[in-house]
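So the structure is just underneath, and the comments pick up after that.
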Ligand SMILES: Cc1ncc(C[n+]2csc(CCOP(=O)(O)OP(=O)(O)O)c2C)c(N)n1
Ligand SMILES: [Mg+2]
């Protein structure tokens, strides 16, 4: 069968099972948008290419399937660079297709030419420039394979316009043949034994669960390991939802804005079982003084993570699900053979910290409205499996802290890159992937202004997401740092509570808009928003601008010096 | 030669852009390349890069692991200094009219260098050898005045007699 390159591309995407893609056409990608009309693939027309990328990410976060975005060359390709970098940092499987000027004129500074492959090389797992239409099916197969296997990540296929028009003979390859790419998923049996042994010798162990648990679909395996051993579990910002917050072994989020117990349990542990986590600086604080007495078991599918920050005593390269299941089997075998340490003292110590230093805030009856209160009420009024997306800033930390996560794949956020503007498009992508679930986004007023226009996309495509803006009139997280570390010298952080008017803006974009200024209005307005299912909803919550995120480990400080509350001298730790 | 030099012999797919991927990885992660040479291999699907990097064992392990993540990288071997035969080629143009020429040619013959070109005011030499031999020769030529110099960077292969026992294949962690 003879096809044009463009037809072959669309057919290849169909063969990969793509049901939806996010994009915006233009000159160089025009030929591909024609066969799209006859395709089964749903295309969602975004208002800015950054939106397409974040939507594809949100879709991938929520479904585990690769997100697909397609845009044209030059400025469109550069517009989607931010989401690609974001997906790279958070290991999100993404397949991005960019139009390119005709192969024949590459290098001549043709109209809308840019070196997309060069620009995205350091932020993709791999990228391809198609130079012959005959290669299209092979390259698309390879692209999906690389994006979704091993440590997932974004890939990019750059597609010159003349290649789209070139004829090719259609043939779908049997498999992929990449001699330089063979992820090791199995985990070495000896290391798995050693891990079980180390667990059996520890008295203050902590499971340090990272985003890799979700990528490997290992939440169930994690729970079994925790229950078989009675070891408490911290879930990093990327792993929220991987272990139910209501579980008695759940300690919640560690790190810079983690809770006291999660931070301190790691700090005092004698064994850290790091599963799909990468010892990020936001988790470890000052590396030299991080969990100083702990031995380390480190499981990751990416060998380069083992020993990158902290040298493990037992390194295990492999898929988290497979390895955790086998560690559990090995532990159970050991438990049957010899006496197992009794962890009840350790768990009691940890419980004691939880009782002594819970997360706290105070909502005065008449206001001002506290952001944490809003998040708690959103949670209480939402179905149990609601997906929560967030932007980047104070609101993100409050969302991660105060939302009760019970299920995997219910938390969509930008962790590694910290991309403001992530939440609105990511929520839309998540809703497209999981239309039966409620999707809320908790956004900042600053973040919202970066990508709000995608609500036009959501209204047009009837994607009823719900956005809660925690409008503190500031770039709040930056304000917090200026308050605490720059002697309250506020530099370029004020935004204004009512410029823009978020309710009018929401309505202009085809959404329902509400405003909440007092604590009494919170519940009734959320109920109104929850009742709307035919279009997006935006609630402008006017929150107290003075509220800060606590606990806090200042950048570069030791996790033993966590500041637990607003009085700067209430320091915990040793 | 300092102990901090590590020689990585990297087998890569012989494809467009592979060198860019490797060098982009080095600059992105802040690794320093001391020298780099690329050459075709006996199999035209592959090329071999000989990369000399400075750093301690931990850093070299990270570099190796990160390199392994590049799709076109097939295999990486670290060649220990004592277990590799290495060579480097240098071209150097030295000032030297009729009066000093004989001294230059004498040096050249000690180092088994070849005279490639002779002008009224200068002479160009070619010399191949162990990198430290080229360093020594450079030092001795400096007093004459070096006009221009180029070195290829070292290329290396494992010594035959010890190939199986000492060649450390670093790839096995992912393969
Ligand atoms: C694209 C981008 N620009 C700048 C920053 C730096 N930054 C981090 S948080 C923040 C403030 C976010 O403000 P807002 O959305 O209002 O959230 P808040 O902290 O007030 O809850 C800024 C500017 C960033 N993370 N991303
Ligand atoms: Mg704000």
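Protein chains in written order, with my numbering: chain A, 1 to 574; chain B, 1001 to 1175. Ideal placement from N, C-alpha and C gives every residue a C-beta, glycine not left out.
In this structure, the beta-carbon distance from residue 155/A to residue 127/A falls below 8 Å.
Close CB contacts of residue 1031/B within its chain, under the 6 Å cut and outside five residues either way in sequence, are with 1063 (chain order). Nearest CB-CB separation between residue 67/A and chain B: not below the 8 Å threshold. Taking 8 Å as the threshold, the shortest C-beta distance from residue 181/A to chain B falls below it. Boundaries cannot be given for residue 37/A, as no beta strand (DSSP E) includes it and DSSP labels it neither H nor E. The Cβ of residue 435/A sits no closer than 8 Å to any Cβ of chain B. Interface annotation for the region 140 to 158 of chain A against chain B: 146, criterion Cβ-Cβ distance under 7 Å.
Collapsing the DSSP output to three states places residue 322/A in a helix. The alpha carbon of residue 313/A has as its nearest neighbour, out of 71/A, 264/A, 193/A and 540/A, the alpha carbon of 193/A. Sixteen is the threshold: since fewer than 16 other Cβ atoms of the shown chains lie within 10 Å of the Cβ of residue 385/A, the residue is exposed.
Counting along the chain, residue 2/A sits inside the beta strand (DSSP E) bounded by residues 2 to 4. Taking non-hydrogen atoms of ligand 1 into account, the C-beta of residue 478/A is found less than 7 Å away from one of them. For the options 366/A, 400/A, 368/A and 73/A, the alpha carbon positioned closest to that of residue 30/A is the one of 73/A. With respect to residue 1049/B, residue 1059/B sits apart: the two C-beta atoms are not nearer than 8 Å. For a Cβ distance threshold of 8 Å, residue set 121 of chain A lies close to residue 1021/B, ordered along the chain. Collapsing the DSSP output to three states places residue 83/A in a helix. According to DSSP, residue 1092/B shares a beta bridge with 1125/B and 1149/B. Taking a C-beta distance under 8 Å as the contact criterion, residue 275/A and residue 243/A do not qualify as a contact pair. Residue 395/A: member of the alpha helix (DSSP H) spanning 394 to 402, first to last residue.
Around residue 1074/B, the beta-carbon contacts reaching into chain A at under 8 Å are 179 and 180.
Three or more Cβ pairs drawn from the region 397 to 407 of chain A and the region 369 to 380 of chain A lie within less than 8 Å of each other, which places the two stretches in contact.
For residue 416/A, the shortest C-beta to heavy atom distance toward ligand 2 is 7 Å or greater. Taking 8 Å as the CB threshold, residue 1015/B stays off the interface with chain A. Within its own chain, the residues whose Cβ lies closer than 7 Å to the Cβ of residue 440/A, once the five positions on either side in sequence are excluded, are 378, 382, 386, 388, 466 and 468, listed in chain order. When the alpha-carbon of residue 1130/B is set against those of 1140/B, 1151/B and 1115/B, the nearest one is in 1151/B. Residue 271/A is bridged by DSSP to 205/A and 295/A. Residue 456/A places its beta carbon less than 8 Å from that of residue 510/A. With contact defined as three or more Cβ pairs closer than 8 Å, the region 238 to 256 of chain A and the region 223 to 230 of chain A are in contact. Considering only 363/A, 185/A and 236/A, the residue with the shortest C-alpha distance to residue 322/A is 185/A. Contact note: residue 308/A reaches chain B through 1062, using a C-beta cutoff of 7 Å and chain order. Taking C-beta atoms under 8 Å as the contact rule, residue 1072/B and residue 180/A qualify, at a distance of about 6 Å. Note on the region 480 to 535 of chain A: whole alpha helix (DSSP H) runs with a minimum of 4 residues are 502 to 508 and 519 to 531, in chain order. Shown here for residue 1025/B: same chain residues with a beta carbon closer than 7 Å to its own, the five before and five after excluded, namely 1066, 1067 and 1070 in chain order. In the three-state reduction of the DSSP assignment, residue 1086/B falls in the strand class. Our two residues, residue 330/A and residue 207/A, have alpha carbons roughly 16 Å apart in a direct line.
With respect to chain A, the C-beta atom of residue 1056/B has no partner C-beta closer than 8 Å.
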